[in-house]
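Under our numbering, read the sequence shown as residues 4 to 385, first letter to last.
Ideal Cβ placement from N, Cα and C applies to all residues, glycine included.
Here the structure is a predicted model, which means the values were calculated and not measured.
The next block holds one structure in the form of structure tokens; read it before the comments.
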Amino acid sequence: MNLFNVYPINNISIVKAKGSYVWDDAGQQYLDMYGGHAVISIGHTHPHYVQRLTDQLNRIGFYSNSIKIPLQEELADKLGKVSGKEDYQLFLCNSGAEANENALKLASFYNDRKKIIAFKKAFHGRTSLAVAATDNPSIVAPVNQTDNVVFLPFNDEAALESYFSEHGNEISSVIIEGIQGVGGINEASASFLQAIRKLCDQYNAVFIADSVQCGYGRSGKFFSHDHANVNADIYTMAKGMGNGFPVAGIIIAPKIQAKYFMLGTTFGGNHLACAAALAVLEVIESEKLMQNAETVGNYLMEELRKIPELKNIRGKGLMIGFDVPEELKDLRKNLLMNHHVFTGEAKPNVIRLLPSLALRKKDADEFLEAIKEEIGAMTNVA
Ligand SMILES: Cc1ncc(COP(=O)(O)O)c(C=O)c1O
């Protein structure tokens, strides 16, 4: 049987990993500034994480949501404390798309409405409503197309206000990434997030903060939306939550109440997933990784701004993007092939950095050396 060929891949097979480094099957070491797509939050194979998962696996890996799973309560408690949203309620699922799917559905149950406001360049996942709320027609199948989603310009308060004033009573939810990831590292402004809060309150719409990529401490605060001092009604999270173990969730403000069977999943919140998520929070807390993300992220951005070829350095914490001029469009590929550094991308010509929140200054320096050297080599040839 062949694999269903949906991913353009690099011809590299990673067999070992530690901290911010991975190794291929020929023993070559790579610096991971991509974090396996923003997933590696506490560093690869962190010993506490490995131990907690191993211990859990030796006890029990899975049983269904028909029984008590005290680890879920332990996780809700810890997540409340670390995120500062102690009065929220936790629903566990398995992926970012599923988290957004549940959030949009829950909002619709809550206010009995259908319309969703999403924004230009948004990415919310590939399942039915999540993909319908994603601004990329090429990944929306005909069956996912719906008039229930409208895309408004990002950071445009006037457009948002005018849409609300015309359709306010039809709007179920507004979904927004605090920092757009796939869209190219675009930060929602504090005043835009505050305007969403105000309008959602005024019209009883639900504010959904997609924190799948920008959340879980990556921006230096637990949720990137926290930088604007607003509380969303639902936060969705996934990537960094399990440091590679598939676990996701939504946290829900107290005003939205649960009813039996309104949401559900077979695998969500299983014993192993909870152990992974707890291990991640324990390490984020004990190693002060949010602080580290802020410090090392600021350092990286400051140093990147000194490289004249790179434009529009942006982001927060360890979610960083910058534009690469057309003549250096192979920079990302060359960083990987010539310097063994993984980075992320966004179209066109944006490099995205999404490393582990435990990235050390010396790892950042290694990256900066590599990028300067490569730009030097590429501009000398040109
Ligand atoms: C902001 C955002 N939301 C949702 C998703 C979908 O997550 P998943 O791939 O786990 O379904 C992603 C994935 O890149 C994302 O970046």
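The chain-ordered list of residues whose CB is nearer than 6 Å to some heavy atom of ligand 1 reads Ser98, Gly99, Ala100, Asn103, Phe126, His127, Gly128, Glu180, Gly184, Val185, Asp213, Val215, Gln216, Ala241. About 19 Å separates the Cβ atoms of Ile188 and Asn103, ruling out a contact at the 8 Å cut-off.
By the criterion of a C-beta distance shorter than 8 Å, Tyr206 is surrounded in its chain by Phe167, Gly171, Asn172, Ile174, once the five residues flanking it on both sides are discounted.
Around the beta carbon of Glu169, fewer than 16 other beta carbons sit within 10 angstroms, so the residue counts as exposed. With a threshold of 16 other beta carbon atoms within 10 Å, Val53 falls short and is exposed. The three-state secondary structure of Tyr10, taken from DSSP, is coil. Of the candidates Asn234, Pro351, Val299, Leu334, Val299 places its Cα closest to the Cα of Asp368. By the neighbour-count definition (other C-beta atoms within 10 Å, threshold 16), Pro358 is a buried residue.
Looking at the DSSP output, Arg355 shares a beta bridge with Gly324, Gly347. Rounded to whole angstroms, Thr239 and Lys336 show a C-alpha spacing of 32 Å. Where Cys96 is concerned, the enclosing beta strand (DSSP E) starts and stops at 92 to 96. In the DSSP annotation of this structure, the continuous segment of the alpha helix (DSSP H) that includes Gln197 starts and ends at 193 to 206. As summarised for the segment 111 to 167, the continuous beta strand (DSSP E) elements at least 3 residues long and confined to that stretch are 118 to 122, 152 to 155, given in chain order. Of the residues Gly379, Val185, Leu292, Gly99, the one whose Cα lies closest to the Cα of Lys123 is Val185. The distance from the Cβ of Ala256 to that of Asp236 is about 5 Å, consistent with a contact at the 8 Å cut-off.
For Lys309, the number of other beta carbons within 10 angstroms of its own is below 16, and it is reported as exposed.
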